[in-house]
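Enquirer: Top line first, the protein sequences correspond to chains U and D. Counting from 5, one number per residue, gives the positions in the first sequence under this note's numbering. Counting from 28, one number per residue, gives the positions in the second sequence under this note's numbering. By construction, the Cβ of each residue, glycine as well, lies at the ideal position given by its N, Cα and C atoms. My structure is below; once you've seen it, I'll send some questions.
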Amino acid sequence: MKITEQRQGAVTVLKPEGALVEADAPALKARLTEALSASLGRFVVDLSAVPYVDSKGLEALVDVTEEMGRVGQALRLCAANKTVREVLDLTDLATLFDHFDDANAAVRSFL
Amino acid sequence: MDAVPIDTLKSAPRSRLLPHGESVVASAGLALAALLLCVMSASAWWVHHTQQTVLDASRATQTRAAGDLLAETAEVLLAQDDLSAARRLVADTARAHEFSSCRIVLPDGQVAASLDVSENKLHQLPAPWPQARPGGAPLSADASRTSVNIPLAIPGRGQAQLEISSASSIGYGSEWEAMAGVGTIGAAALVVLLALYRRMRRKLRAMGAIREALAAVAAGETAMAALVIGPDLGPEAGAWNQVIAETDRVRRQAVAERAREALGRRQESSSDLDAACDALPQGLLVVDEKSCVKYANGAAAGFLRSKRDDLAGKDIGKFLDVAGVVQAVRDVATGASRRRQTLDVEQKDDGPAGVLRFTVRPVRRDDSGTAMITIEDITQQRAAEEARHRFVAQATHELRTPLTNIRLYVETAIEDGEADPAMRSKCLNVINGETRRLERIVGEMLSVAEIEAGSFKLQTDDVRLDQLFEDLLADYQQQALDKNVTLTFHLPPKFPVVQGDRDKILLALHNLVGNALKYTPETGKVDVVVEATEKLLSVQVRDTGIGISDEDAEKIFDRFYRARDPRVAKITGSGLGLTLAREVVRLHGGDVTVESRLNQGSTFTITLPMKTAA
Numbered sequence: 005m006k007i008t009e010q011r012q013g014a015v016t017v018l019k020p021e022g023a024l025v026e027a028d029a030p031a032l033k034a035r036l037t038e039a040l041s042a043s044l045g046r047f048v049v050d051l052s053a054v055p056y057v058d059s060k061g062l063e064a065l066v067d068v069t070e071e072m073g074r075v076g077q078a079l080r081l082c083a084a085n086k087t088v089r090e091v092l093d094l095t096d097l098a099t100l101f102d103h104f105d106d107a108n109a110a111v112r113s114f115l
Numbered sequence: 028m029d030a031v032p033i034d035t036l037k038s039a040p041r042s043r044l045l046p047h048g049e050s051v052v053a054s055a056g057l058a059l060a061a062l063l064l065c066v067m068s069a070s071a072w073w074v075h076h077t078q079q080t081v082l083d084a085s086r087a088t089q090t091r092a093a094g095d096l097l098a099e100t101a102e103v104l105l106a107q108d109d110l111s112a113a114r115r116l117v118a119d120t121a122r123a124h125e126f127s128s129c130r131i132v133l134p135d136g137q138v139a140a141s142l143d144v145s146e147n148k149l150h151q152l153p154a155p156w157p158q159a160r161p162g163g164a165p166l167s168a169d170a171s172r173t174s175v176n177i178p179l180a181i182p183g184r185g186q187a188q189l190e191i192s193s194a195s196s197i198g199y200g201s202e203w204e205a206m207a208g209v210g211t212i213g214a215a216a217l218v219v220l221l222a223l224y225r226r227m228r229r230k231l232r233a234m235g236a237i238r239e240a241l242a243a244v245a246a247g248e249t250a251m252a253a254l255v256i257g258p259d260l261g262p263e264a265g266a267w268n269q270v271i272a273e274t275d276r277v278r279r280q281a282v283a284e285r286a287r288e289a290l291g292r293r294q295e296s297s298s299d300l301d302a303a304c305d306a307l308p309q310g311l312l313v314v315d316e317k318s319c320v321k322y323a324n325g326a327a328a329g330f331l332r333s334k335r336d337d338l339a340g341k342d343i344g345k346f347l348d349v350a351g352v353v354q355a356v357r358d359v360a361t362g363a364s365r366r367r368q369t370l371d372v373e374q375k376d377d378g379p380a381g382v383l384r385f386t387v388r389p390v391r392r393d394d395s396g397t398a399m400i401t402i403e404d405i406t407q408q409r410a411a412e413e414a415r416h417r418f419v420a421q422a423t424h425e426l427r428t429p430l431t432n433i434r435l436y437v438e439t440a441i442e443d444g445e446a447d448p449a450m451r452s453k454c455l456n457v458i459n460g461e462t463r464r465l466e467r468i469v470g471e472m473l474s475v476a477e478i479e480a481g482s483f484k485l486q487t488d489d490v491r492l493d494q495l496f497e498d499l500l501a502d503y504q505q506q507a508l509d510k511n512v513t514l515t516f517h518l519p520p521k522f523p524v525v526q527g528d529r530d531k532i533l534l535a536l537h538n539l540v541g542n543a544l545k546y547t548p549e550t551g552k553v554d555v556v557v558e559a560t561e562k563l564l565s566v567q568v569r570d571t572g573i574g575i576s577d578e579d580a581e582k583i584f585d586r587f588y589r590a591r592d593p594r595v596a597k598i599t600g601s602g603l604g605l606t607l608a609r610e611v612v613r614l615h616g617g618d619v620t621v622e623s624r625l626n627q628g629s630t631f632t633i634t635l636p637m638k639t640a641a
């Protein structure tokens, strides 16, 4: 799985490309955990290039957001497509994350 | 006993169900049957024995009475020497009383009269009365259960003895008959028992299984699943399983209840206030008058890269390496300061880079010395602030340049315009160009403001692409000529009319073409290649300019970002053009990409999905 990284001011936008499935979950989690420890949580996950998420992928996202929850933060997701949003809603996990329409809106939320 | 089908039960597919009960039932049935047989036999024997004893006693009494009567009459008859009458008497009495033998024996052992005719050998009584033989059995009265001996004293003669033997009324034959009867009754009872057992077997199996389950409970079995018995063992098994299921449910409920209670206690222990403090993204520390931490929320622990438990009770100076904050806390603790103090601390050394804002303030207005520290991550605000400052400086510069030009050319037109119409015309042209430039800059700034406010929206309408590119060419042709850059538009013969926001698409194209001209030195070349298919519009803006480094290529679309190249710094620009271009194109569902080589040129590509007008 390719994860591109963009900086917008002091905020990092991480954009995974491709379905977030079992094989990619550990890499994503490691990348997000690294971003968390390197930036005090100033990062955003852009899901615009993620067609769908399976349980392991979801688990990776939940693990990171729970880690962030201990310091009063939540993982900021943006541009999730309908399929991904449905998965989050059906599993009642949507509330664990902060959702934004696009990366700019997510970045602005840090102001 | 019938064969107990244990095997059939054992081969049953239910692995955890008890297949037992059968062996218990079998042995119990066998033991019961044997016991029943023994009891019946013993009862029969006892009844028989008692009856025999009573009958024997009664018989003995009868025999004795009959014997006494016979003895008296026989003495009279023998005294009268009437042997035949005595013999008749003996025979009649014996038959009448069903004696097995009855005879009168003389002292020498000769038989005077007997029931058995073959023993009556004497023809007459001996004249000298015989005496008892030496060594012979003395004549005496004797009685047992079955025989009676009565001594006779015959007047004028001597002594003799009457011997009566009476057979038991119930003989061996009848005893065997009785035993056979008992056997028959026992066998019949066994058959009945067997039939009953067959009928009761399922019920008994259920009981056996329940008994074994209870034994398992007594042995410490706690898994309810192991105590469930086969449901096909009848209603008792069903009821038992129901009891087990109910017990299991109650036990689970108890466990769940305990868990809820424990959780409840935990939740109670962490009050709403604690939870609220932990949900704060800002770090919160409460420090007592000795500068020791009284409370730290989760975010504070995160910012200080520590654990809450480690922070509690610790002196603030030991973990906070910011002299200003520590001093501010000490000031509050000692009462030296009652004011709020704010310190922005840039973290650079180790750990995450960023700017943290520490605010120290006293918790109460009295002199308790307790201080509160809030920690905020203001890195992004700082970055945005810096970008805004940069933008204001650049925007001022951008606005000032055309304004200066306009002022200068207006002055020239006023001074020389009257005399020189050509000069006036040139001045007006420049003023016109600079005014449009100003308009564009103001438009960009407005768009940036809209993006900032989140209200940047499209006003969709029919867009005639041919006109749009004509306008674009008209805007830049003169500029290209002035700079001696070859600007070529490669347009398709026919354009469709598409749906979109004309002004914003034009703004995006302006930025790309304007940039290309801006960063391409003299004698360079700018090509605008437009391709339109049914589904996609692609615009490539190729230049032979200064190019963009790989490092900058990633960032040029960021707001207010300008490449680090010193050549770029000499050229005015807001750092907003590409951000706006990408934002606009993305709002139309497309994207802007860049390929570039430093000092060789860049190619910006806009791809827009076509939404043709209906």
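Taking 8 Å as the threshold (beta carbon to beta carbon), is residue 104 of chain U in contact with chain D?
Expert: Judged by the 8 Å Cβ criterion, residue 104 of chain U is not in contact with chain D.
Enquirer: DSSP three-state call for residue 658 of chain D: helix, strand or coil?
Expert: In the structure as shown, chain D begins at 28 and stops at 641. Residue 658 of chain D is therefore absent and cannot be evaluated.
Enquirer: Spatial neighbours of residue 325 of chain D within its chain, please: C-beta separation below 6 Å, excluding the five flanking residues on both sides.
Expert: For residue 325 of chain D, where only same-chain residues beyond five positions count, the Cβ hits under 6 Å are 305.
Enquirer: Less than 8 Å between CB atoms is the rule here; does residue 400 of chain D satisfy it with respect to chain U?
Expert: No, no contact with chain U.
Enquirer: Identify whether residue 329 of chain D lies in helix, strand or coil by the three-state DSSP scheme.
Expert: Helix at residue 329 of chain D.
Enquirer: Does the CB of residue 582 of chain D have a neighbour CB from chain A at under 8 Å?
Expert: Looking for chain A here will not work: the only protein chains present are U and D.
Enquirer: Which of the three DSSP states, helix, strand or coil, is assigned to residue 483 of chain D?
Expert: Residue state, collapsed to three classes: coil.
Enquirer: Any C-beta of chain U sitting closer than 8 Å to the C-beta of residue 307 of chain D?
Expert: By this cut-off, residue 307 of chain D is an interface position.
Enquirer: Alpha carbons only, please: which of D:495, D:518, D:547 and D:410 is nearest the one belonging to residue 508 of chain D?
Expert: Taking only the C-alpha atoms, the option nearest residue 508 of chain D is D:547.
Enquirer: How would you write the range of the beta strand (DSSP E) that residue 130 of chain D sits in, first residue to last?
Expert: Its beta strand (DSSP E) spans residues 128–132.
Enquirer: Should residue 267 of chain D be labelled buried (16 or more other beta-carbon atoms within 10 Å of its own) or exposed?
Expert: Counting Cβ neighbours within 10 Å, residue 267 of chain D comes out buried, since at least 16 surround it.
Enquirer: Using 8 Å for Cβ pairs, my map puts residue 496 of chain D next to residue 483 of chain D. What's the rounded Cβ distance?
Expert: No, residue 496 of chain D and residue 483 of chain D are not in contact; Cβ-Cβ is about 24 Å, not under 8 Å.
Enquirer: Measuring only between beta-carbons, confirm whether residue 114 of chain U sits less than 8 Å from chain D.
Expert: With 8 Å as the cut-off, residue 114 of chain U counts as an interface residue toward chain D.
Enquirer: If we count the other Cβ atoms within 10 Å of its Cβ and call it buried at 16 or more, is residue 66 of chain D buried or exposed?
Expert: With fewer than 16 Cβ atoms within 10 Å of its Cβ, residue 66 of chain D is classed as exposed.
Enquirer: Could you check if residue 285 of chain D is buried or exposed, using at least 16 other CB atoms within 10 Å of its CB as the buried criterion?
Expert: Counting Cβ neighbours within 10 Å, residue 285 of chain D comes out exposed, since fewer than 16 surround it.
Enquirer: Tell me whether residue 79 of chain U sits in a helix, a strand or coil according to DSSP, three-state version.
Expert: Correct three-state label for residue 79 of chain U: coil.
Enquirer: Would you verify that the beta carbon of residue 407 of chain D is, or is not, closer than 8 Å to some beta carbon of chain U?
Expert: Closer than 8 Å to some Cβ of chain U, the Cβ of residue 407 of chain D qualifies, so yes.
Enquirer: On the DSSP bridge assignment, give the partners of residue 488 of chain D in chain order.
Expert: Answer by DSSP bridge pairing, in chain order: D:527.
Enquirer: Check each candidate in D:556, D:557, D:74 and D:486 and name the one with the smallest Cα separation from residue 529 of chain D.
Expert: If we check each option's Cα against that of residue 529 of chain D, D:486 comes out closest.
Enquirer: Note down, in chain order, each residue of its chain lying with its Cβ closer than 6 Å to the Cβ of residue 554 of chain D, except the 5 sequence neighbours on either side.
Expert: So the list reads 515 and 569, once near-sequence residues are dropped.
Enquirer: Quick one: what does DSSP say residue 452 of chain D is sitting in, helix, strand or coil?
Expert: Helix at residue 452 of chain D.
Enquirer: Note down, in chain order, each residue of its chain lying with its Cβ closer than 7 Å to the Cβ of residue 89 of chain U, except the 5 sequence neighbours on either side.
Expert: Within the same chain, residue 89 of chain U has no close Cβ partners at all.
Enquirer: The region 28–48 of chain U: which residues have C-beta closer than 9 Å to a C-beta of chain D, in chain order?
Expert: The region 28–48 of chain U vs chain D, Cβ under 9 Å: 40, 41, 42, 43, 44, 45 and 46.
Enquirer: Closer than 8 Å by C-beta to residue 274 of chain D: which residues in its own chain qualify, once you throw out the five before and the five after it? Chain order, please.
Expert: Cβ within range, chain order: 251.
Enquirer: Straight-line CA distance for residue 638 of chain D to residue 527 of chain D?
Expert: Near 8 Å, if we compare the C-alpha coordinates of residue 527 of chain D and residue 638 of chain D.
Enquirer: My output table needs one value for residue 624 of chain D: the three-state DSSP class, helix, strand or coil.
Expert: If DSSP states are grouped into helix, strand and coil, residue 624 of chain D belongs with the strands.
Enquirer: Determine the chain U residues that contact residue 616 of chain D at a beta-carbon separation under 7 Å, and present them in chain order.
Expert: Ordered by position in chain U, no residue passes the 7 Å Cβ test against residue 616 of chain D, which lies about 12 Å from the chain.
Enquirer: Across which residues does DSSP place residue 49 of chain U in a beta bridge pair?
Expert: Paired residues: U:18 and U:81.
Enquirer: Would you mind stating whether residue 142 of chain D and residue 118 of chain D have Cβ atoms separated by less than 8 Å?
Expert: Closer than 8 Å, so yes.
Enquirer: Counting only beta-carbon atoms, is residue 13 of chain U nearer than 8 Å to chain D?
Expert: Yes, residue 13 of chain U counts as interfacial toward chain D.
Enquirer: For residue 108 of chain U, would you say it is in contact with chain D, using Cβ-to-Cβ distances shorter than 8 Å as the test?
Expert: Cβ-Cβ to chain D under 8 Å: yes for residue 108 of chain U.
Enquirer: Looking at residue 264 of chain D and residue 256 of chain D, is the spacing between their C-beta atoms short of 8 Å?
Expert: Going by C-beta atoms, residue 256 of chain D is nearer than 8 Å to residue 264 of chain D.
Enquirer: May I ask you to list the residues that DSSP assigns as paired with residue 103 of chain U?
Expert: Paired residue(s): U:81.
Enquirer: To the nearest angstrom, how far is the alpha carbon of residue 455 of chain D from that of residue 440 of chain D?
Expert: For residue 455 of chain D and residue 440 of chain D, the distance between alpha carbons rounds to 8 Å.
Enquirer: List the DSSP bridge partners of residue 24 of chain U.
Expert: Answer is U:57, bridged to residue 24 of chain U.
Enquirer: Could you tell me which of D:617, D:538 and D:181 sits nearest to residue 563 of chain D, measuring between CA atoms?
Expert: Closest by alpha carbon: D:617.
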